[in-house]
Amino acid sequence: MTRTEAGFSRPDDAPIQAFAAHRIGQALESYEYVPKKLGPMDVEIRITHCGMCHTDLHLINNDFGLSSYPLVPGHEIAGVVTQLGHDVAGLQIDQRVGVGWLAGACFGCEQCTAGRDNLCPNWQPTCVGREGGYASHIRVDSRLAFPLPDALPSEHAAPLLCGGITVFAPLMRHGVAGSVRLGVIGIGGLGHMALQYGRALGCHVIAFSTSRAKSAEAQGFGADEFVATSEPGALAAYANSCDFLLSTVTANVSWADYIQVLRPGGKLCIVGVPNGDVHIPALPLIIGQKSIVTGCIGSRSEIRAMIDFSTRHRITPKIESFPMREANLALDRLRKNEMRYRAVLVN
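Using our numbering, the first residue of the sequence shown is number 1214, and each one after it goes up by one.
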């Protein structure tokens, strides 16, 4: 048995309307599918907003070798609960919730029981091997559907569920706050949120971008200083300036130069997926006792903390909204690096 939303009850065998790529790299087309039966711990969500992440492009192109087709992208979801499995607790019909990269996990392995469900070896990504958020509805494990506070609008909440947590979680894990000097590499979909978190955490924040044109906006988001890295000598002038560098870019940058930007004991954290291998000389790391770390989305507890922190500090992504039917237009602008700064599809 399931509990359903009054006025929006949808039979289990009724198809869900979506947009999907039917082959590698293909433009999205209208698509419908009949979802799997709602499990005892599952919820069905009527999607109102879905953020667009650069990973969606990677999945459409099968850059990670994980994709299967037809592929319905989307893993930054905000919507309203319409059906509840009979064992679901803590959620209600008509409640606003958000869903990120994960739609399921085992919740019983070593990683899950240690509170690191984002590292579950049996994780179930929201749009890998199952249909994602470019759709009218979605079904996920209720334990990965997060209540959204009234003060956080759905159009701003959606991008936080992947983009926001991707930059917030490493700052929490590594104690980046207060007197820490934080550098953010790349002022785009991830970087502009990282600047806001850094400011709210009380850090001295330095923005690193190839584009001088982003200087004013970067400072508006929270940067105390701006470095145009395409200008000769710019990085060298900032040697020994940062305790923590958060790389949000997909390009292969001058990693060796950024290691020199770190102060002794500093950390370079890579959260954007570079287009190629990362090559860094070992000696500067060893001499300065520096290290390279990474971040993989966030656990349930980290996501709840991120939602609370973002709401209290009024941290919101800068978005451009598109009707869901214009997903291809939004994807094309994302490919061309024209988005400022996150796209949100609206049903």
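Built from N, CA and C at the ideal position, the CB exists for glycine as well. Remember, it's a predicted structure, so these values are computed and weren't measured experimentally.
Nearest candidate by alpha-carbon position, reference residue i, set the options
i       : options                               : result
MET1254 : LEU1297, PHE1232 and ALA1227          : LEU1297
GLN1502 : THR1529, GLY1478 and VAL1380          : GLY1478
GLY1511 : CYS1325, VAL1293 and VAL1418          : CYS1325
ARG1476 : ASN1453, GLY1435 and VAL1466          : ASN1453
LEU1270 : PRO1224, TYR1347, ASP1225 and GLY1292 : TYR1347
LEU1384 : LEU1558, SER1422 and GLY1508          : GLY1508
LYS1427 : VAL1418, ILE1378 and ALA1441          : ALA1441
PRO1283 : ARG1394, GLU1245, SER1467 and VAL1418 : GLU1245
PHE1535 : ARG1386, LEU1544, VAL1559 and HIS1387 : VAL1559
ALA1234 : ARG1259, PRO1228, ASN1274 and ALA1370 : ASN1274
ILE1306 : SER1504, PRO1286, SER1355 and PHE1320 : SER1355
ILE1520 : ALA1370, TYR1471 and ALA1469          : ALA1370
ALA1291 : LEU1361, TYR1410, VAL1389 and ALA1413 : LEU1361
TRP1314 : PRO1445, LEU1357, PRO1494 and PHE1320 : LEU1357
VAL1393 : LEU1374, ALA1413 and ALA1240          : ALA1413
PHE1421 : GLY1415, ILE1258, SER1443 and TYR1410 : SER1443
GLY1303 : VAL1256, ALA1390, VAL1380 and LEU1241 : VAL1256
ALA1227 : VAL1484, VAL1247 and ALA1240          : VAL1247
ASP1490 : ASN1465, GLU1539, MET1537 and VAL1389 : ASN1465
ILE1493 : ALA1556, ALA1469 and LEU1374          : ALA1469
VAL1285 : CYS1482, LEU1241, VAL1301 and ILE1532 : LEU1241
SER1504 : GLN1473, ALA1518 and PRO1224          : GLN1473
ARG1527 : HIS1299, LEU1547, PHE1320 and LEU1373 : LEU1373
ASP1225 : ARG1329, SER1281, ASP1300 and ILE1351 : ILE1351
ILE1400 : LEU1498, PRO1445, VAL1380 and ALA1316 : VAL1380
ALA1382 : GLY1396, ALA1556, ARG1513 and GLN1239 : ARG1513
MET1207 : GLN1239, GLY1238, GLY1287 and ALA1447 : The structure shown does not extend to residue 1207, since the chain spans only 1214 to 1560, so no value can be given for it.
Cβ distance (whole Å) where residue i is taken to contact residue j below 8 Å
i       : j       : result
GLY1376 : GLU1515 : Contact flag wrong, Cβ pair sits at about 14 Å.
GLN1230 : SER1367 : The pair is not a contact, with the Cβ atoms about 19 Å apart (cut-off 8 Å).
ALA1318 : GLN1337 : 7 Å
VAL1312 : VAL1353 : 5 Å
CYS1333 : LEU1272 : Not a contact, Cβ separation roughly 19 Å.
HIS1387 : LYS1480 : 6 Å
ILE1155 : TYR1451 : Outside the displayed range of the chain (1214 to 1560) lies residue 1155, so it cannot be described from this structure.
PRO1487 : THR1463 : 6 Å
ARG1259 : THR1295 : 5 Å
PHE1232 : ALA1540 : 5 Å
Exposed unless 16 or more other CB atoms sit within 10 angstroms - verdict on residue i
i       : result
PHE1359 : buried
ARG1236 : exposed
ASP1456 : buried
ARG1564 : Residue 1564 falls outside the range modelled here, since the chain spans only 1214 to 1560, and no answer is possible.
GLY1345 : buried
PHE1277 : exposed
ALA1449 : exposed
LEU1542 : exposed
LYS1250 : exposed
LEU1408 : buried
LEU1279 : exposed
ASN1331 : buried
ALA1327 : exposed
GLU1323 : exposed
PRO1530 : buried
SER1243 : exposed
SER1281 : exposed
GLY1220 : The predicted model places GLY1220 with a pLDDT of 43, which falls under 50 and marks its position as unreliable, so this point remains unresolved.
LEU1496 : exposed
GLY1446 : exposed
SER1523 : buried
ILE1500 : exposed
Strand pairing of residue i, partner residues [DSSP]
i       : result
LEU1403 : Answer is none; LEU1403 lacks a bridge partner.
ASP1354 : ASP1255
LYS1480 : PHE1457 and SER1504
ARG1555 : ILE1532
GLU1344 : Beta-bridge pairing links GLU1344 to no other residue.
ARG1394 : HIS1417
GLY1377 : Answer is none; GLY1377 lacks a bridge partner.
GLN1473 : Answer by DSSP bridge pairing: none, since GLN1473 is not bridged.
MET1537 : DSSP, once it has assigned bridges, lists no residue as partnering MET1537.
VAL1312 : ILE1290
PHE1232 : SER1243
ALA1441 : SER1422
MET1385 : The partner list for MET1385 (beta bridge, DSSP) is empty, contrary to what the question assumes.
Three or more C-beta pairs closer than 8 Å, one from the stretch 1259-1266 and one from the stretch 1539-1556: is that the case here?
The answer is yes - the stretch 1539-1556 touches the stretch 1259-1266, with three or more Cβ pairs under 8 Å.
If you pair each beta-carbon of the stretch 1398-1412 with each one of the stretch 1420-1433, do three or more pairs fall below 8 Å?
By the Cβ criterion, the stretch 1398-1412 is in contact with the stretch 1420-1433, since at least three pairs of Cβ atoms, one from each stretch, lie closer than 8 Å.
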